[in-house]
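In UniProt numbering, the protein residues as written are 1 to 280. From the three backbone atoms N, C-alpha and C, an ideal C-beta is built for every residue, glycine too. Here the structure is laid out as structure tokens; the discussion comes afterwards.
Right, dumping it as structure tokens:
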């Protein structure tokens, strides 16, 4: 596949100007440039022939559909419809708002201050509340999918593995998600629900404060899956006794291995966070 030719076709299809590669990984290439005089990014997903390519194409359309439907200042905004390139389709592309700042991959290498974790939980819970209101589960809440912008706030990105609770899954027998950041419901045969996203946010917050996973992912996936189902995460106060009891209580509840004992969705979590923040 001639990538430069695909980029040329994407620029024309989206009205994208001054484009240049920003990041590339797997089947996705991200360009930065301008649309209508404003900074934007173009996302290109390359489609391989066959059944897997069909799933990739459906997932890309689903991502754009979700981003178009969600109304939240904490979720990246889509600027165009998804456009298919080629016949047969060799790529699908769309444009999103440009976000400055960085994802959490680098910042999680050092321990965070408590105030930063409160803000992380508040902003991501707000984003999840908007998704869960539409009965959509993100299913891949991991450091690479959350960006902290220059104003200090956090934005949720890349719902490419998200699933509407009433729609058929596209992922086959294995659940999506990034090792280390999965919930017990991500284990093969499980069924992620809104409380699964809450669990993953609990992992992110736990890691930000401690520099370690609540349940460490071993090399063997089966051992990890069994640990997710059978083990309860330790109370965060056993590792960080200096954090406030309110924050510790929220994180511990997010990490309960039984979904019914967590906050059931982003809205319930956000309500509790705002109640505790008002008393700080």
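Which of helix, strand or coil DSSP assigns to residue i
i	result
residue 187	coil
residue 243	coil
residue 111	coil
residue 155	strand
residue 18	strand
residue 11	helix
residue 80	coil
residue 282	With the chain represented from 1 up to 280, any question about residue 282 goes unanswered, as that position is not in the structure.
7 Å Cβ cutoff, residue i in contact with chain B
i	result
residue 133	No chain B appears in the structure shown, which is made up of a single protein chain.
Neighbour-count burial assignment, residue i, 16 or more Cβ in a 10 Å radius
i	result
residue 79	buried
residue 138	buried
residue 332	An answer regarding residue 332 cannot be provided, because it is not within the stretch 1 to 280 covered by the chain.
residue 151	exposed
residue 42	buried
residue 218	exposed
residue 123	buried
Chain-order list of residues whose beta-carbon lies under 7 Å from that of residue i (same chain, five-residue window excluded)
i	result
residue 108	143, 207 and 208
residue 105	143 and 144
residue 149	99, 100, 101 and 155
Whole-angstrom distance between residue j and residue i, CA atom to CA atom
i	j	result
residue 185	residue 226	11 Å
residue 126	residue 133	11 Å
residue 81	residue 61	9 Å
residue 63	residue 69	10 Å
residue 189	residue 75	29 Å
residue 66	residue 260	26 Å
residue 237	residue 181	20 Å
Any non-hydrogen atom of the ligand COA within 6 Å of residue i CB
i	result
residue 5	In the structure shown, the ligand COA is absent, as is every other ligand, since no ligand is present at all.
Contacts around residue i, its chain only, beta-carbon distance under 6 Å, and the 5 residues preceding and following it disregarded
i	result
residue 267	129
residue 196	183 and 185
Are the segment 43-59 and the segment 92-99 touching, with three or more C-beta to C-beta distances below 8 Å? Contact check between the segment 43-59 and the segment 92-99: three or more CB pairs, one atom from each, fall below 8 Å, which counts as touching.
Count the CB pairs spanning the segment 115-122 and the segment 84-94 that are closer than 8 Å, and state whether there are at least three. The answer is no - the segment 84-94 does not touch the segment 115-122, with fewer than three Cβ pairs under 8 Å.
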